[in-house]
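Enquirer:
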Amino acid sequence: MELKRFFAEKEAYDGKNIIIKGDEFYHMFKVLRHKIGYDLIVSLGDGKDYYSTITQIEKDFAIVKVNKIEPNPCHTDMEICLFQALPKGSKIDFIIQKCVELGVKTIYPFNSAYVNETKFAPDRLKRVSIEAAKQTGIGVKPFIGDLISFDEMLNKLSSYDLVVCPYEKATTEKIKNIEFKSTIKSIAYVIGSEGGFKETEIKEIEDRGAKIISLGCQILKSDTAAIITAALIRYKLGEI
């Protein structure tokens, strides 16, 4: 039987055992019906897989004994962040799912001039991201930020070593021409909603140091652009 993956905080590990609680506990026992003696993998977000066995079940937590610790084969220290202008309907679910599968660790939905969506369900999106990480075998729980404003998004860009922003009117700069220096430890990319960005918004993003890039002559949908840019970044990093 395939070993299921669960997430826990580093503080939950005492050197021998890990405490599983909260949503992960609920999923483990109410959904998957795990019992004492079942084997599983626990991720603490440190790039390692903790192969464990359930030894104790209480009302709202469980204890698993760690049998061995191995490096997570998918782990990378590179931080990739997506700033995604909120698209319509459930497209954000699909974007988060696929981008997490491609190794994006942090996602901030944000508002921009052409965003027409008002509904935002952070708890649901966090569940989507966790399930995507488990399915892919990623050992780090993704971070899904709250919905932020365009200005708040701009202010966060300075935290990253490299920022790229695909834009349908860009013609010359392509991601293949950007030098990914060995000193780069974090990369962010900014994707517009269905309506794209106003030219003034692109100017503001560029003024914050972002490289405005072309994804080719085709005008791509927002979700397509988010996914293909994640894949291109991973390719440039030599990870795929």
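Numbering (the numbering used here), first residue to last: 469 to 708.
Even for Gly, the Cβ is constructed at its ideal location relative to N, Cα and C.
Bear in mind that the values here come from a model prediction, so they are computed numbers and not experimental data.
1) Considering only C-alpha positions, which residue in the set Leu500, Ile537, Ile531 and Asp507 is nearest to Tyr518?
2) Rounded to the nearest angstrom, what separates Tyr582 and Val658 at their Cα positions?
3) At what residues does the alpha helix (DSSP H) containing Glu569 begin and finish?
4) Given this structure, state the Cα-to-Cα distance separating Ile435 from Lys566, to the nearest angstrom.
5) Using the C-alpha atoms, what's the distance from Leu500 back to Glu526?
6) Could you give the DSSP three-state label for Ser682: helix, strand or coil?
7) Please state whether DSSP places Thr586 in a helix, a strand or coil.
8) If you follow the alpha helix (DSSP H) that Tyr703 is in, where does it begin and where does it stop?
9) Roughly how many angstroms separate the alpha carbons of Ser690 and Glu585, rounded to a whole number?
10) Measuring only from the beta carbon, is Glu547 closer than 7 Å to any heavy atom that is part of the ligand ADP?
11) Secondary structure at Tyr519, three-state DSSP: helix, strand or coil?
12) Taking C-beta to C-beta, are Asn540 and Lys516 nearer than 8 Å?
Expert: From the atom records:
1) Minimum Cα distance to Tyr518 is reached at Ile537.
2) When the Cα atoms are used, Tyr582 and Val658 turn out to be separated by approximately 14 Å.
3) Here the alpha helix (DSSP H) through Glu569 covers Lys559 to Glu569.
4) This structure cannot settle anything about residue 435, because the visible part of the chain is limited to 469 through 708.
5) The straight-line gap separating the alpha-carbon atoms of Glu526 and Leu500 is approximately 16 Å.
6) Residue state, collapsed to three classes: coil.
7) Shown here, Thr586 sits in coil according to DSSP, grouped into three states, outside any helix or strand.
8) Element bounds for Tyr703: Ser690 to Lys704.
9) Computed Cα separation, rounded: 14 Å.
10) Absence of the ligand ADP from the depicted structure is noted, as is the absence of any ligand whatsoever, leaving it without description.
11) In the structure shown, Tyr519 sits in a strand (DSSP, three-state: E or B).
12) Inclusion of Asn540 and Lys516 in the CB contact set at 8 Å is warranted, their separation being smaller than that value.
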